[in-house]
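Novice:
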Amino acid sequence: MFEINLECQAMLEQRVEQQIQTLELRRRQAMVEGDMDFLESLYTRDLTYSHSDGKSDSKSSYLQGMREGVWRYRGFTSRDEQMRRAGDCVVVTGLIDMDVVIRGEPMLLNSRYISVWKAGNNGWQMIAWQSTRYTHA
(Lines of atoms letter the chains of each structure in order from A and count residues from 1; the text may use other names and numbers.)
(Lines give C-alpha, C1' and ligand atoms only; values in the text may rest on other atoms or scores of the structure.)
Protein backbone atom coordinates (compact mmCIF):
# COMPACT_ATOMS: atom_id res chain seq x y z
CA MET A 1 0.00 0.00 0.00
CA PHE A 2 2.80 2.43 0.93
CA GLU A 3 4.63 1.67 -2.35
CA ILE A 4 1.50 2.42 -4.36
CA ASN A 5 1.11 5.77 -2.62
CA LEU A 6 4.74 6.64 -3.42
CA GLU A 7 4.19 5.69 -7.06
CA CYS A 8 1.04 7.83 -7.23
CA GLN A 9 2.87 10.72 -5.60
CA ALA A 10 5.73 10.42 -8.10
CA MET A 11 3.26 10.39 -11.01
CA LEU A 12 1.50 13.48 -9.65
CA GLU A 13 4.82 15.32 -9.24
CA GLN A 14 5.81 14.40 -12.80
CA ARG A 15 2.45 15.70 -14.09
CA VAL A 16 2.93 18.99 -12.22
CA GLU A 17 6.44 19.39 -13.65
CA GLN A 18 5.10 18.80 -17.17
CA GLN A 19 2.36 21.39 -16.62
CA ILE A 20 4.85 24.00 -15.38
CA GLN A 21 7.26 23.27 -18.27
CA THR A 22 4.40 23.71 -20.73
CA LEU A 23 3.30 26.96 -19.07
CA GLU A 24 6.88 28.31 -19.08
CA LEU A 25 7.20 27.60 -22.80
CA ARG A 26 3.79 29.09 -23.54
CA ARG A 27 4.63 32.17 -21.43
CA ARG A 28 7.82 32.78 -23.39
CA GLN A 29 5.96 32.34 -26.66
CA ALA A 30 3.32 34.83 -25.48
CA MET A 31 6.08 37.31 -24.57
CA VAL A 32 7.53 37.07 -28.09
CA GLU A 33 4.10 37.29 -29.74
CA GLY A 34 2.84 40.05 -27.44
CA ASP A 35 -0.11 37.93 -26.32
CA MET A 36 -1.13 40.20 -23.48
CA ASP A 37 -4.41 38.37 -22.77
CA PHE A 38 -2.54 35.14 -22.06
CA LEU A 39 0.06 36.89 -19.90
CA GLU A 40 -2.68 38.73 -18.01
CA SER A 41 -4.28 35.37 -17.16
CA LEU A 42 -0.99 33.66 -16.35
CA TYR A 43 0.40 36.13 -13.81
CA THR A 44 -1.10 36.41 -10.34
CA ARG A 45 -2.63 39.72 -9.30
CA ASP A 46 0.32 40.26 -6.92
CA LEU A 47 3.12 39.26 -9.33
CA THR A 48 6.62 40.54 -8.57
CA TYR A 49 8.78 40.72 -11.71
CA SER A 50 12.40 41.54 -10.84
CA HIS A 51 14.64 42.30 -13.81
CA SER A 52 18.31 41.47 -14.20
CA ASP A 53 19.21 45.16 -13.80
CA GLY A 54 17.77 45.17 -10.28
CA LYS A 55 14.55 47.00 -11.14
CA SER A 56 11.24 45.45 -10.18
CA ASP A 57 7.71 45.65 -11.56
CA SER A 58 4.24 44.72 -10.41
CA LYS A 59 1.97 42.81 -12.77
CA SER A 60 0.36 46.06 -13.86
CA SER A 61 3.58 47.98 -14.49
CA TYR A 62 5.27 45.04 -16.23
CA LEU A 63 2.39 44.44 -18.63
CA GLN A 64 2.06 48.18 -19.25
CA GLY A 65 5.77 48.31 -20.13
CA MET A 66 5.28 45.47 -22.59
CA ARG A 67 2.28 47.22 -24.15
CA GLU A 68 4.35 50.40 -24.53
CA GLY A 69 7.25 48.51 -26.12
CA VAL A 70 9.73 49.04 -23.28
CA TRP A 71 10.59 45.34 -23.68
CA ARG A 72 10.20 43.52 -27.00
CA TYR A 73 11.20 39.90 -26.61
CA ARG A 74 12.54 38.13 -29.69
CA GLY A 75 13.53 34.74 -28.31
CA PHE A 76 14.60 32.63 -25.35
CA THR A 77 16.97 29.73 -24.83
CA SER A 78 17.01 28.04 -21.44
CA ARG A 79 18.98 25.22 -19.89
CA ASP A 80 19.87 23.57 -16.58
CA GLU A 81 16.29 23.97 -15.38
CA GLN A 82 15.36 22.37 -12.09
CA MET A 83 12.04 22.27 -10.29
CA ARG A 84 11.09 21.64 -6.73
CA ARG A 85 7.72 21.65 -5.08
CA ALA A 86 7.02 23.52 -1.86
CA GLY A 87 3.40 23.05 -0.80
CA ASP A 88 1.14 24.70 -3.37
CA CYS A 89 4.14 26.33 -5.11
CA VAL A 90 6.74 25.17 -7.60
CA VAL A 91 10.13 26.89 -7.73
CA VAL A 92 11.95 26.76 -11.07
CA THR A 93 15.62 27.70 -11.41
CA GLY A 94 17.88 27.71 -14.44
CA LEU A 95 19.88 29.68 -16.95
CA ILE A 96 18.21 31.68 -19.70
CA ASP A 97 19.45 33.68 -22.67
CA MET A 98 16.98 36.36 -23.70
CA ASP A 99 17.08 38.11 -27.06
CA VAL A 100 15.27 41.34 -26.23
CA VAL A 101 15.03 44.94 -27.35
CA ILE A 102 14.95 47.23 -24.30
CA ARG A 103 13.92 50.82 -24.97
CA GLY A 104 15.00 50.41 -28.60
CA GLU A 105 18.37 48.80 -27.81
CA PRO A 106 18.88 45.15 -28.90
CA MET A 107 20.42 43.03 -26.16
CA LEU A 108 21.28 39.44 -25.45
CA LEU A 109 20.88 38.91 -21.71
CA ASN A 110 22.40 35.84 -20.08
CA SER A 111 20.75 35.30 -16.72
CA ARG A 112 20.26 32.92 -13.86
CA TYR A 113 16.63 32.95 -12.93
CA ILE A 114 14.10 31.81 -10.41
CA SER A 115 10.40 31.69 -11.13
CA VAL A 116 7.72 30.75 -8.63
CA TRP A 117 4.42 29.21 -9.65
CA LYS A 118 1.42 28.95 -7.34
CA ALA A 119 -1.57 26.63 -7.63
CA GLY A 120 -4.91 28.31 -7.03
CA ASN A 121 -8.47 28.68 -8.25
CA ASN A 122 -7.17 29.72 -11.70
CA GLY A 123 -4.77 26.78 -11.99
CA TRP A 124 -1.01 27.34 -11.99
CA GLN A 125 0.02 30.98 -12.19
CA MET A 126 3.38 32.73 -11.94
CA ILE A 127 3.68 34.75 -8.74
CA ALA A 128 7.34 35.80 -8.99
CA TRP A 129 10.27 36.10 -11.42
CA GLN A 130 13.79 37.21 -10.66
CA SER A 131 16.83 37.10 -12.91
CA THR A 132 20.47 37.97 -12.39
CA ARG A 133 22.88 38.58 -15.26
CA TYR A 134 26.02 36.53 -15.56
CA THR A 135 28.77 36.23 -18.15
CA HIS A 136 29.78 33.02 -19.88
CA ALA A 137 33.10 31.75 -18.57
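In full-length UniProt numbering, the protein residues as written are 1 to 137. Quick reminder that beta carbons are idealized off the backbone N, C-alpha and C, glycines included.
1) Measure the Cβ-Cβ separation of residue 133 and residue 110 and say whether it is below 8 Å.
2) What separation, rounded to the nearest whole angstrom, lies between the Cα atoms of residue 94 and residue 77?
3) Following the continuous alpha helix (DSSP H) through residue 35, name the residue where it begins and the one where it ends.
4) Excluding the 5 residues preceding and the 5 following residue 63 in the sequence, name in chain order all residues of the same chain whose CB lies nearer than 7 Å to its CB.
5) Looking at C-beta atoms only, is the number of pairs between the stretch 117-134 and the stretch 68-75 that lie closer than 8 Å three or more?
6) Between the alpha carbons of residue 98 and residue 91, how many angstroms are there, rounded?
7) I'd like to check one pair, residue 56 with residue 50: are the Cβ atoms closer than 8 Å?
8) Reducing DSSP to helix, strand and coil, say where residue 65 ends up.
9) What is the DSSP secondary structure of residue 59, counted as helix, strand or coil?
10) How many whole angstroms separate the CB atoms of residue 83 and residue 17, which I take to be in contact at a CB cut-off of 8 Å?
Specialist: Reading it off the structure:
1) yes
2) 11 Å
3) That residue, residue 35, is in no alpha helix (DSSP H); it is neither H nor E in DSSP.
4) 36, 39, 40
5) no
6) 20 Å
7) yes
8) helix
9) Residue 59 falls in the helix class under three-state DSSP.
10) 5 Å
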